[in-house]
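**Student:** The structure that follows is given in the form of structure tokens.
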């Protein structure tokens, strides 16, 4: 991967990461269009995800600091609960999930599914529930939405926010919870992928 290709992928990531349109799906699509080899891009993907993590921390640093100070308060506990489905799905279907990133076959259906989810999210309106009303079952279902979005072209924020709205959460809180619950999987995924690269001796680009 050359410098121009890296810049293009970085721009795609920057434009799509915080929109409910699946940044991973767009990255895979652009990667295929540019003809970048799958084995040459893993390190770069990790760098992009770490940059995303920094952006989330920058925006939510006050909430994150509060969670660090009070790790057993309701918000961090519910974020951990919401992470469980994605962890289970990753363990059970890791090989299948990885295979979807080297094939463009799932991109079209995934984008369509995301679009339908976004249309649905507009129909369900704006609920009233906030953190004090959030149940463990709500967090698990929102986490399941995040688990489905392990597939490229299925938007993580789109799925989690849509699920949260369907459960009656207030739109602003749904968005905040969605981005905060992205921190554990992004951090965990980056660490695991980094270990794979170190063990495999791949430089990425």
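Residue numbers (our numbering): 1082 to 1286. Glycine residues also receive a C-beta, built at the ideal position from the N, C-alpha and C atoms.
Would you report the Cα separation of residue 1082 and residue 1218, rounded to the nearest angstrom?
**Tutor:** One C-alpha to the other measures close to 44 Å.
**Student:** Starting from the C-beta of residue 1201, find all residues in its chain whose C-beta is less than 7 Å away, skip the five residues before and the five after it, and write them out in chain order.
**Tutor:** The residues are 1243.
**Student:** Can you give the Cα-Cα distance for residue 1251 and residue 1280, rounded to whole angstroms?
**Tutor:** So the alpha carbons of these two residues sit roughly 44 Å apart.
**Student:** Quickly, what does DSSP pair residue 1250 with across the bridge? List them, please.
**Tutor:** Looking at the DSSP assignment, residue 1250 forms a beta bridge with 1210.
**Student:** So, for residue 1133: in the same chain, excluding its five sequence neighbours on each side, which residues have a beta-carbon less than 7 Å away from its beta-carbon?
**Tutor:** So the qualifying residues of the chain are 1098, 1267.
**Student:** In the DSSP assignment, find the alpha helix (DSSP H) that holds residue 1194 and state where it starts and stops.
**Tutor:** Where residue 1194 is concerned, the enclosing alpha helix (DSSP H) stretches over 1188 to 1205.
**Student:** Once you ignore the five residues that flank residue 1182 on each side, which residues in its own chain have a CB closer than 7 Å to its CB?
**Tutor:** So the qualifying residues of the chain are 1109, 1233.
**Student:** Could you compute how far the alpha carbon of residue 1248 sits from the alpha carbon of residue 1150?
**Tutor:** For residue 1248 and residue 1150, the distance between alpha carbons rounds to 29 Å.
**Student:** Once you ignore the five residues that flank residue 1209 on each side, which residues in its own chain have a CB closer than 8 Å to its CB?
**Tutor:** Excluding sequence neighbours, residue 1209 sits near 1249, 1251.
**Student:** Measure the C-alpha to C-alpha separation of residue 1284 and residue 1236 and round it to an integer number of angstroms.
**Tutor:** Bear in mind that a pLDDT of 46 at residue 1284, under 50, signals an unreliable position, so the number given afterwards is only what the model happens to contain. C-alpha separation (whole angstroms): 28 Å.
**Student:** Of the residues 1115, 1231, 1262, 1090, which one's Cα is nearest the Cα of residue 1191?
**Tutor:** It is 1231.
**Student:** Please state if the CB of residue 1254 and the CB of residue 1140 are separated by a distance shorter than 9 Å.
**Tutor:** Against a cut-off of 9 Å, the Cβ pair of residue 1254 and residue 1140 comes out as no contact.
**Student:** Short of 7 Å in beta carbon distance, which residues of its chain neighbour residue 1263, apart from the five on each side in sequence? Order them along the chain.
**Tutor:** Around residue 1263: 1137, 1237.
**Student:** Taking a contact to mean a Cβ-Cβ separation below 9 Å, would you say residue 1239 touches residue 1195 in this structure?
**Tutor:** For residue 1239 and residue 1195, yes; Cβs fall inside 9 Å.
**Student:** With distance defined between alpha-carbon atoms, name the residue in 1212, 1269, 1164 nearest to residue 1144.
**Tutor:** The shortest Cα separation from residue 1144 among 1212, 1269, 1164 belongs to 1212.
**Student:** Which complete alpha helix (DSSP H) runs does the segment 1109 to 1188 hold, if anything under 4 residues is left out?
**Tutor:** Segments of the alpha helix (DSSP H) lying fully in the segment 1109 to 1188: 1123 to 1140, 1142 to 1150, 1155 to 1181.
**Student:** What three-state label does DSSP hand residue 1102 in the structure shown?
**Tutor:** It is coil, neither helix nor strand.
**Student:** For residue 1240, which of helix, strand or coil comes out of DSSP?
**Tutor:** Helix at residue 1240.
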